[in-house]
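Yeah, the sequence shown ends on 497 if you go by the numbering used here, and it's all consecutive. Beta carbons are placed, not taken as given, at the ideal position from N, Cα and C, and that holds for glycine.
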Amino acid sequence: MLFTDSDKTLYQKVINLSITSVVVLMLMLFCWLMHYSLVMPLFLLFLALHLKNFKEACIKIFLNLGLLLAIILFVSYAINQYSTIPLFYIPVASIAMLTMLLYNDHELSFIMAFASSVLVCLVIGGDFGMLLTFFIGSLTGAYSVRGARLRGQLIGAGLFVSVMNVICLFLINFDSGLILTKTFASNKLYPLAANGFISTFIVAAVLKIFEYLFHVLTNFSLLELSDFNQPLLKKMILEAPGTYHHSLVVSNLSEAAADSIGANALLARVGAYYHDIGKMDKPEYYTENQLIGTNKHDGMEPSMSRLVILNHVKEGIELAKKYKLNQLIVDFIPQHHGTGLVYYFYQKALEEAENGEVISEDNFRYPGPKPQTRETAIVLLADSVEGAVRALDEKNMNRIGDTVRKIINNKFIDGQLDECNLTLKEIDQISLTFVRILGGMYHGRVKYPEKKNSVQKKSAEKNRIFQRSESQRSQKDNQNGSSDNIVQNNPKPSKDTE
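This is the structure in structure tokens:
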């Protein structure tokens with residue numbers, strides 16, 4: 000059987016996940032037989048091997064996950080030692096659910112589900128049945144919230160966790176003879192049935208706190224930032240409408256391109272909304288906000304124009320911090336230009352340079368940094384491509400395709416994509432997506448022929464009606480005038496005359 004590249008990738012992921020599942024289940028069984036004596040070393044090794052893929056963020060993420068585990072272990076210890084609450088009320092599934100929402104990584108969530116289940120059972124002295132129930136419930140919760148964009152979806156995730164908990168409980172205790180007893184119901188059945196909803200409630204309550212502590216953005220927060228009623232976006236609509244429209248087009252291009260390569264499409268879209276907010280300081284100096292025939296840069300020195308253009312990055316960062324945007328969104332402001340050259344004014348400076356005057360290219364470059372993530376790199380490309388295609392006199396698929404490829408190739412040669420994780424294959428896919436989207440935006444329209452006879456007939460009919468009404472009005476005025484004359488010529492006799 001032949002597989003496409005995408006099928007092979009999916010097939011390999013399924014194989015890897017299956018092998019990982021078998022290994023984890025064997026480790027769980029081994030830990031249970033060894034009375035958990037090797038749980039912590041095995042967990043640390045397993046987590047370290049996975050986190051090596053995160054490079055510089057490894058230590059930070061490791062500490063963040065350690066904090067989540069420490070919290071659930073503390074709660075479990077407190078319930079076990081100082082409370083009579085049944086242990087199956089412990090919201091173990093909330094850890095895996097939080098991990099999935101915060102990092103959107105199914106492998107990391109899988110590991111956290113395993114770690115939290117094993118460590119909690121170690122702390123409270125649970126048996127293998129409890130361990131297996133917590134683990135399956137955690138996995139169910141994590142995969143139920145994957146890609147969630149509405150907080151209402153958390154309720155459905157809680158229901159799935161509760162249902163899976165109850166199913167596991169009955170399967171594990173099927174032949175024990177304790178299923179119908181009141182003790183079994185009060186200590187296991189009811190707590191596990193409520194456990195999913197408790198975990199969901201906790202996740203909804205603390206998610207915003209952990210977003211702030213871990214400096215991450217979930218889909219929920221990104222959707223809130225994409226609301227056009229946000230003060231900063233409303234301000235842009237009123238003060239820089241051209242920039243606002245440009246940002247919308249860039250956001251559409253970025254979202255489609257990010258989705259095509261498996262990047263965070265929602266983050267790319269929201270980052271594109273805010274990438275040019277610095278232009279609101281002097282909107283009239285940017286082409287998209289200028290009226291036809293007016294250009295503020297006419298008569299200005301290229302060095303002054305350079306300062307105005309480069310300054311919108313600094314103004315954007317300050318404005319973003321004033322409105323307390325998350326750093327992930329702020330990063331789009333400087334990185335969407337990287338260290339690119341303000342080519343137009345650099346060329347203008349070269350043309351106007353006097354004999355012997357040296358024009359430094361570095362003075363006409365943005366301060367950077369270059370894009371550090373795939374999402375910021377995509378917005379950089381979308382921003383450049385949108386402006387170039389909009390400036391074309393003739394917009395057809397061939398011209399659009401050539402322009403897109405030229406712009407992306409120039410950015411690649413200039414080294415603007417050196418510090419992000421985009422591959423050549425992904426860059427090619429992004430290019431194809433841009434061409435498809437822009438081709439749809441600037442598609443040709445059929446020129447409908449004007450129905451001249453019909454128009455002329457309608458115009459003539461309207462003229463006849465108008466003339467008829469004018470004629471009737473003038474006749475009526477004449478009649479009224481004649482009556483007035485008769486009255487004046489034949490006045491009513493006075494009493495004296497009589």
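In the DSSP assignment, Cys120 falls within the unbroken alpha helix (DSSP H) covering 105-123. Under the 10 Å beta carbon count, Ser359 is surrounded by fewer than 16 other beta carbons and is classified as exposed. In this structure, Leu421 is the residue among Asn172, Lys234, Leu237, Leu421 with its C-alpha nearest to the C-alpha of Arg373. Within the DSSP secondary-structure output, Leu340 pairs in a beta bridge with Arg364.
Distance from the CA of Gly261 to the CA of Ala255, rounded to the nearest whole angstrom, comes to 10 Å. Between the stretch 410-427 and the stretch 300-320 there are fewer than three C-beta pairs closer than 8 Å, too few to call the two in contact. Residue range 373-389 is occupied by the alpha helix (DSSP H) that includes Gly386. For Lys234, same chain residues with a beta-carbon under 7 Å away, outside a window of 5 residues either side, are Met279 in chain order. The three-state secondary structure of Leu416, taken from DSSP, is coil. With contacts defined by Cβ atoms closer than 8 Å, Phe87 and Lys207 do not form a contacting pair. Collapsing the DSSP output to three states places Ile328 in a helix. Cβ atoms of Ala192 and Ser161 come within 8 Å of each other, at about 5 Å. DSSP places Lys313 within a helical segment (H, G or I) once states are collapsed to three. Assignment of Phe227 by DSSP, reduced to helix, strand and coil, places it in the coil class.
Taking Cys120 as the centre and dropping the five residues before and after it, the same chain places the C-beta of Met129, Leu130 closer than 6 Å to its C-beta, in chain order. For Pro282, the closest alpha carbon among the candidates His244, Gln152, Thr338 is that of His244. At the C-beta level, Leu101 and Phe213 come within 8 Å of one another.
Bounds of any alpha helix (DSSP H) do not take in Ile358, whose DSSP letter is neither H nor E. In the DSSP assignment, Asp258 falls within the unbroken alpha helix (DSSP H) covering 240-260.
Nearest in C-alpha terms to Val249, of all of Leu107, Ser220, Leu266, is Leu266. A residue is called buried once 16 or more other Cβ atoms fall within 10 Å of its Cβ, and Asn194 is buried on that count.
Residue state for Tyr322 is assigned as coil, using DSSP reduced to three classes.
In the displayed model, Met299 falls within coil according to three-state DSSP, outside both helix and strand.
Its Cα nearest to that of Ala203, the residue Leu97 stands out among Leu97, Tyr211, Ser304.
For Pro190, the secondary structure class from DSSP, reduced to helix, strand or coil, is helix.
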